[in-house]
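Its first residue numbered 1, the sequence shown is counted upward by one per residue in full-length UniProt numbering. Beneath this line is the structure, given in structure tokens, with notes to follow.
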Amino acid sequence: MKKLILLLLLVSLSCKEQGNQANAQSEVLTATEYKEVISNKQVQLVDVRTPEEFEAGHIENAVNIDFFRDDFKTAFTTMDKDQPIYIYCKSGNRSGKAAKILSELGFEEIYDLEGGFSNYN
Numbered sequence: 001m002k003k004l005i006l007l008l009l010l011v012s013l014s015c016k017e018q019g020n021q022a023n024a025q026s027e028v029l030t031a032t033e034y035k036e037v038i039s040n041k042q043v044q045l046v047d048v049r050t051p052e053e054f055e056a057g058h059i060e061n062a063v064n065i066d067f068f069r070d071d072f073k074t075a076f077t078t079m080d081k082d083q084p085i086y087i088y089c090k091s092g093n094r095s096g097k098a099a100k101i102l103s104e105l106g107f108e109e110i111y112d113l114e115g116g117f118s119n120y121n
């Protein structure tokens, strides 16, 4: 019984550590930091909001890849995993989830806009 408990504890800790590693490359930037970086160079900029939200207003040069698309993961196949990717949504919730997915897909540098587009202007 003690061995079983120990084994379960070790597995639990291992899973938790793997989850932390999957999001290790994601960084949340303030609106000021985000604006500065994306205005100073050519970047991969992705808006993960719906097309309707995107049409209502978005950051210049952003590509719209709706988080709720059935093919969300495959929509990133044309992007360079070795280059930084900047993502945002309305409030930071969807982009946070998207950052985890992108990390799992092999993107190495992922930057998320704190507070989302609502906080950008």
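Glycine residues also receive a C-beta, built at the ideal position from the N, C-alpha and C atoms.
* Asked: Beta-carbon separation of residue 65 and residue 88 under 8 Å?
  -> no
* **Distance between residue 121 and residue 102 (C-alpha atoms, nearest Å)** => Residue 121 has its alpha-carbon roughly 25 Å from the corresponding atom of residue 102.
* Terminal residues of the continuous alpha helix (DSSP H) containing residue 52? -> Bounds of the alpha helix (DSSP H) holding residue 52 are 51 to 56.
* **Whether residue 106 touches residue 81 by CB criterion (8 Å)** => Taking a C-beta distance under 8 Å as the contact criterion, residue 106 and residue 81 qualify as a contact pair.
* Three-way DSSP call (helix, strand, coil) for residue 101 in this model -> If DSSP states are grouped into helix, strand and coil, residue 101 belongs with the helices.
* Does the count of Cβ pairs from the stretch 43 to 63 and the stretch 89 to 98 closer than 8 Å reach three? -> The answer is yes - the stretch 89 to 98 touches the stretch 43 to 63, with three or more Cβ pairs under 8 Å.
* Secondary structure at residue 27, three-state DSSP: helix, strand or coil? -> strand
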